[in-house]
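Asker:
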Amino acid sequence: AAAASAEVGPLSGLLIDGRALQDRSAVRGIGTYVRGLCEGLHGLGVHPDLLLRAGAPPPPELARWGLGEGARIPVLKRRIQPVADHLLVMRALSRVRPSLYHAVEWAQPLRARVPVVVTVHDLIPFLYPRLYPSVVPHGVAPDFSPAPGAEVDAVRARLGLDGPYLLSVGTFDPRKRVELLMRAAARLEGLTLVVAGDQGAYAGAVRAAAAAAGVADRTRVTGHVPLPELVALYSGAGCLLFTSGYEGFGLPLLESMACATPAVGFRNSALGEVGGEAAVLVDDGDVEAMAAAARRLLDDPAERADRVATGRAWAACFTWETTARRTLDVYRNLTSM
Numbered sequence: 001a002a003a004a005s006a007e008v009g010p011l012s013g014l015l016i017d018g019r020a021l022q023d024r025s026a027v028r029g030i031g032t033y034v035r036g037l038c039e040g041l042h043g044l045g046v047h048p049d050l051l052l053r054a055g056a057p058p059p060p061e062l063a064r065w066g067l068g069e070g071a072r073i074p075v076l077k078r079r080i081q082p083v084a085d086h087l088l089v090m091r092a093l094s095r096v097r098p099s100l101y102h103a104v105e106w107a108q109p110l111r112a113r114v115p116v117v118v119t120v121h122d123l124i125p126f127l128y129p130r131l132y133p134s135v136v137p138h139g140v141a142p143d144f145s146p147a148p149g150a151e152v153d154a155v156r157a158r159l160g161l162d163g164p165y166l167l168s169v170g171t172f173d174p175r176k177r178v179e180l181l182m183r184a185a186a187r188l189e190g191l192t193l194v195v196a197g198d199q200g201a202y203a204g205a206v207r208a209a210a211a212a213a214g215v216a217d218r219t220r221v222t223g224h225v226p227l228p229e230l231v232a233l234y235s236g237a238g239c240l241l242f243t244s245g246y247e248g249f250g251l252p253l254l255e256s257m258a259c260a261t262p263a264v265g266f267r268n269s270a271l272g273e274v275g276g277e278a279a280v281l282v283d284d285g286d287v288e289a290m291a292a293a294a295r296r297l298l299d300d301p302a303e304r305a306d307r308v309a310t311g312r313a314w315a316a317c318f319t320w321e322t323t324a325r326r327t328l329d330v331y332r333n334l335t336s337m
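Mind the numbering: the sequence shown is residues 1 to 337 in the numbering used here, read in order.
#1: Are there 16 or more other CB atoms within 10 angstroms of the CB of D17, so buried, or fewer, so exposed?
#2: When the Cα of L52 is compared with those of G68, A302 and H121, which residue comes out closest?
#3: With DSSP as the reference, label V280 as helix, strand or coil.
#4: Work out the CA separation of P301 and G29 for me, nearest whole Å.
#5: Buried or exposed: which applies to C317, given that a residue is buried once 16 or more other Cβ atoms fall within 10 Å of its Cβ?
#6: Below 8 Å between beta carbons: does that hold for G236 and V152?
#7: Would you mind working out which of L37, H42, D85 and V27 sits nearest A54, comparing C-alpha positions?
#8: Whole angstroms is fine: what's the gap from G200's alpha carbon to R177's?
#9: Less than 8 Å between the CB atoms is what I'm expecting for W320 and G40, so what's the real figure, rounded?
#10: Going by alpha carbons, who is nearest to G190 out of D284, L161, V221 and A103?
#11: As a quick exercise: from T322, V194 and L21, pick the residue whose alpha carbon is nearest that of V169.
#12: Is there contact here, the stretch 218–225 with the stretch 246–262, by at least three beta-carbon pairs under 8 Å?
#13: Where does G68 fall in DSSP's three states?
#14: Quick one: Cα of D306 to Cα of A141, how far?
#15: For P109, count the other beta carbons within 10 Å of its own beta carbon; 16 or more makes it buried, fewer makes it exposed. Which is it?
#16: Within 10 Å of its beta-carbon, does A103 have 16 or more other beta-carbons around it, so buried, or fewer, so exposed?
#17: Assuming T171 and D198 make a contact with CB atoms under 8 Å, what is their CB distance in whole Å?
#18: Helix, strand or coil, according to DSSP, for R156 in the structure here?
#19: Would you tell me roughly how many angstroms separate the C-alpha atoms of L181 and Q22, rounded to the nearest one?
#20: Per DSSP, which one or two residues make a beta bridge with C239?
#21: Does the structure place the stretch 223–235 close enough to the stretch 258–275 that three or more beta carbon pairs sit under 8 Å?
#22: So, is A263 buried or exposed, given that buried needs 16 or more other C-beta atoms within 10 angstroms?
#23: According to DSSP, is Y246 part of a helix, a strand, or is it coil?
#24: Buried or exposed for P48, please, with buried defined as at least 16 other CB atoms from any protein chain shown within 10 angstroms of its CB.
#25: Since H102 sits in a beta bridge, which residues does DSSP pair it with?
#26: Determine the DSSP secondary structure at N333, reduced to helix, strand or coil.
#27: Please state the DSSP three-state secondary structure of R187.
#28: Could you give the C-beta distance for R97 and V117, rounded to a whole number, given that I count them as a contact under 8 Å?
#29: For E255, count neighbouring C-beta atoms within 10 Å of its own C-beta (all shown protein chains included) and say buried if the count is 16 or more, exposed if not.
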């Protein structure tokens, strides 16, 4: 760590937007990204400050990472927040004068007088490559590995899972296309579907889709689950079903494969790149093909073993340390201009 710190010495005064760790985004993809990036930087001996929102508890990881609170901006009414946030962030940057500011969402401070790195989480960079010269993949936390049998048995007992089950993971909104998930599950008779993740305002829609597809009696909706339980759910599942219509990355594919559980998804957005040859990807929206692929993984031990081995090797290529190192390269390139 000492060598790493010396190598990135000129980056002292780095400020990262940590507000995604203080609200519902903490359990979504952006929160996972910020958490993983900070964890990776911490492992490299780099300890930035975080921009946080006043009136909300600081992230619990702050002390463990050895990070400081570089600045706080007030909580605003939702209707004025998008515009006013620009002004408040600019004011905070003028006050603390970091050597570099990392905005982790598309919104960036206007006319900032410090170097700014912006993380873009969708596919716009492919449409305008000259505007976004660096693409850095996310990572998979080392927590995602096959769970011990006792932990899998415990989560099975808590959810009443007596036999094999399918798993869907993620926070839910219309682009997750939960109706396609339920229609695929309906074609896989005899299997329970576990839906894990924060449903928020869409909890009713999830249950309605299950009822419409005729699978309500074999669907378990867990809501948000803590990390150890999520790892156990991944590890015990027959396969992951991922029906999202658009993803900037698609972490559940990699998390599932890291836990030795094959993943089946639709071929769209970033999923082909993230799933590689390890995930089973079918034509977008084809629930018949998705169900058939899942059935093969459950019924063919040889194909399953091949997908498990390939998936674990592929997921191991994505680490938060690699994400942090490549992000540091972006920081260095910007600060050396």
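A virtual CB, placed ideally from N, CA and C, is assigned to each residue, including glycine. In this text, all values refer to a predicted model and were calculated from it rather than measured experimentally.
Answerer: Short version:
#1: Looking at its Cβ environment, which holds 16 or more other Cβ atoms inside 10 Å, D17 is buried.
#2: For the residues G68, A302 and H121, the minimum Cα distance to L52 belongs to G68.
#3: Strand at V280.
#4: G29 and P301: Cα-Cα distance of roughly 32 Å.
#5: Under this definition C317 is an exposed residue.
#6: Less than 8 Å divides the Cβ of G236 from the Cβ of V152.
#7: Taking the Cα of A54 as reference, the smallest distance to any Cα among L37, H42, D85 and V27 is reached at D85.
#8: When rounded, the distance between both Cα atoms is 15 Å.
#9: Between the beta-carbon of W320 and that of G40 there is about 4 Å, and that keeps the pair under the 8 Å contact cut.
#10: Cα-wise, what sits closest to G190 is L161.
#11: In terms of Cα proximity to V169, the closest of T322, V194 and L21 is V194.
#12: Contact between the stretch 218–225 and the stretch 246–262 is absent, because fewer than three Cβ pairs lie under 8 Å.
#13: Taken through DSSP and simplified to helix, strand or coil, G68 comes out as strand.
#14: In a straight line, the C-alpha of D306 is about 23 Å away from that of A141.
#15: Buried, because 16 or more other Cβ atoms sit within 10 Å of the Cβ of P109.
#16: Here A103 is buried: its Cβ has 16 or more other Cβ atoms, across all protein chains shown, within 10 Å.
#17: So it is a contact: roughly 5 Å between Cβ atoms.
#18: In the displayed model, R156 falls within a helix according to three-state DSSP.
#19: Distance between the alpha carbons of L181 and Q22 is about 30 Å.
#20: C239 is bridged to L166.
#21: With a cut-off of 8 Å on Cβ pairs, the stretch 258–275 is in contact with the stretch 223–235, counting three or more such pairs.
#22: Buried, since its Cβ has 16 or more Cβ neighbours within 10 Å.
#23: Coil.
#24: Buried, since its Cβ has 16 or more Cβ neighbours within 10 Å.
#25: Beta bridge pairing from DSSP links H102 with I16 and V117.
#26: Helix, per DSSP.
#27: Here R187 sits in coil by DSSP.
#28: In fact, because the Cβ distance is near 16 Å, the residues do not count as touching under 8 Å.
#29: So E255 counts as buried.
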